[in-house]
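Converting from the sequence shown to this note's numbering requires adding 29 to each position, the first position being numbered 1.
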Amino acid sequence: MTNITNIFDAKPAGDEVEIPQPVDDGRLDDRIDDTIAEARAWLAGRQCDDGHWAFELEADATIPAEYIMLNHYLDEIDDEVEGKLANYLRAIQEGHGGWPLYHDGDFDMSASVKAYFALKLTGDDIDAPHMLRAREAILNHGGAARSNVFTRFTLALFGHVPWRAVPVMRVEAMLLPKWALFHIDKVSYWSRTVMVPLLILAVKKPRARNPRGVGIKELFVRPADEETNYIHNPTGHWIGSVLVALDKVARLIEPYMPRFLENIAIDKALTFIKERLNGEDGLGGIFPAMANSLMAFDTLGYARNHPDCATARKAVDKLLVFKDGMGYC
Numbered sequence: 030m031t032n033i034t035n036i037f038d039a040k041p042a043g044d045e046v047e048i049p050q051p052v053d054d055g056r057l058d059d060r061i062d063d064t065i066a067e068a069r070a071w072l073a074g075r076q077c078d079d080g081h082w083a084f085e086l087e088a089d090a091t092i093p094a095e096y097i098m099l100n101h102y103l104d105e106i107d108d109e110v111e112g113k114l115a116n117y118l119r120a121i122q123e124g125h126g127g128w129p130l131y132h133d134g135d136f137d138m139s140a141s142v143k144a145y146f147a148l149k150l151t152g153d154d155i156d157a158p159h160m161l162r163a164r165e166a167i168l169n170h171g172g173a174a175r176s177n178v179f180t181r182f183t184l185a186l187f188g189h190v191p192w193r194a195v196p197v198m199r200v201e202a203m204l205l206p207k208w209a210l211f212h213i214d215k216v217s218y219w220s221r222t223v224m225v226p227l228l229i230l231a232v233k234k235p236r237a238r239n240p241r242g243v244g245i246k247e248l249f250v251r252p253a254d255e256e257t258n259y260i261h262n263p264t265g266h267w268i269g270s271v272l273v274a275l276d277k278v279a280r281l282i283e284p285y286m287p288r289f290l291e292n293i294a295i296d297k298a299l300t301f302i303k304e305r306l307n308g309e310d311g312l313g314g315i316f317p318a319m320a321n322s323l324m325a326f327d328t329l330g331y332a333r334n335h336p337d338c339a340t341a342r343k344a345v346d347k348l349l350v351f352k353d354g355m356g357y358c
């Protein structure tokens, strides 16, 4: 259709102004009908035999980055696959030096920290131009200490931040009665599938194998162990202040939690996970839940060939998509 601004940009011919003619309604209707027909044909050609459609769902940089980190956590490194994921991460780095949560978006600290760490795990030189730009952007925005809780949790698993960098999360929450404020059913299914295996990791505090010994201390404005402001209330809302206060109380209580209660809660969390593994489609159908369950199984000593471990691994790998020398999930 004609842009109305073109009317005001039109140049006069003598004393007359040339005004572009509008698109004829009949011709426009024909174009709309043709476009709809093309779209219908395209969709029909991609319908599965049983009637359903399935298309890839591209995520932001965090998911392919987390896949790489998961492999290094477990020491199940696949350089060929990770190289394709690294190609993708480099390709979607934005002009501001970091990575956004959507195409052409603003800098996001957590996505940028994860992408940088993943690229370094795959062997990218920290002095390469794209790594220099990423590091500068991260430091200019306050450094990795300002990343979100889930990112700091991952960094704690790798030993890059102390465990005090994340809130206290006790697996005993699995034993709370239904009426309790923090009962697991009070949050969405997506959140439950992510949180339950995370609770096991939080209480066991395992350490990533990280066979290549890759660290990211260069992403911190001050040394991670010296940072004192990990747990704070960024919004100033009273609910945030209450949660910060509860976290301080939980830290005092945590060393005295009975081990037998912890073990009962872990068993209940495991039951929750196993009942919802969902075959090779994975826990919750989402990468974070699948990856957390795989790490939880590993933390509890499950062998790699254990059926639950094998199923969780297949679910994670099933999310991979490869195109034009790049990969993402």
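Backbone N, C-alpha and C fix where the C-beta goes; we use that ideal spot for every residue, glycine too.
In this text the structure is predicted, and so the values were computed from the model without any measurement.
*Whose CA, out of Arg-333, Arg-60, Leu-148 and Leu-210, lies closest to the CA of Ala-364?*
In the structure as shown, the chain starts at 30 and stops at 358, and residue 364 therefore has no counterpart that could be examined.
*Have a look at Ala-144 and Ala-94 and give me their C-alpha separation to the nearest angstrom.*
Computed Cα separation, rounded: 5 Å.
_DSSP-derived helix/strand/coil call for Lys-234_ = For Lys-234, the secondary structure class from DSSP, reduced to helix, strand or coil, is coil.
*Let me know the secondary structure DSSP gives Gly-126 once reduced to three states.*
Note: Gly-126 maps to coil in three-state DSSP.
_Contact set for Ser-141: own chain, Cβ-Cβ below 7 Å, skip 5 residues either direction_ = Result list for Ser-141: Gly-127, Trp-128, Ala-163, Ala-166 and Ile-167, in chain order.
*Going by DSSP, which residues form a beta bridge with Met-224?*
Under DSSP, Met-224 shares a beta bridge with no residue.
*Are the beta-carbon atoms of Leu-306 and Thr-257 separated by less than 8 Å?*
No, they are not a contact pair.
*Alpha-carbon spacing of Arg-175 relative to Arg-181, whole angstroms*: Spanning the two alpha carbons is a distance of roughly 9 Å.
*Work out the CA separation of Ala-274 and Ala-344 for me, nearest whole Å.*
Looking at the two C-alpha atoms, the distance is approximately 38 Å.
*Whole angstroms is fine: what's the gap from Ala-66's alpha carbon to Leu-72's?*
Each residue's alpha carbon lies about 10 Å from the other.
_Unbroken alpha helix (DSSP H) run spanning Tyr-102, endpoints_ = From DSSP, the alpha helix (DSSP H) with Tyr-102 extends over 91-103.
*Could you pull the start and end residues of the alpha helix (DSSP H) that Val-278 belongs to?*
First-last of the alpha helix (DSSP H) with Val-278: 267-282.
_Cβ contact check for the region 212-228 and the region 304-323: 3 or more pairs under 8 Å_ = Short answer: they touch.
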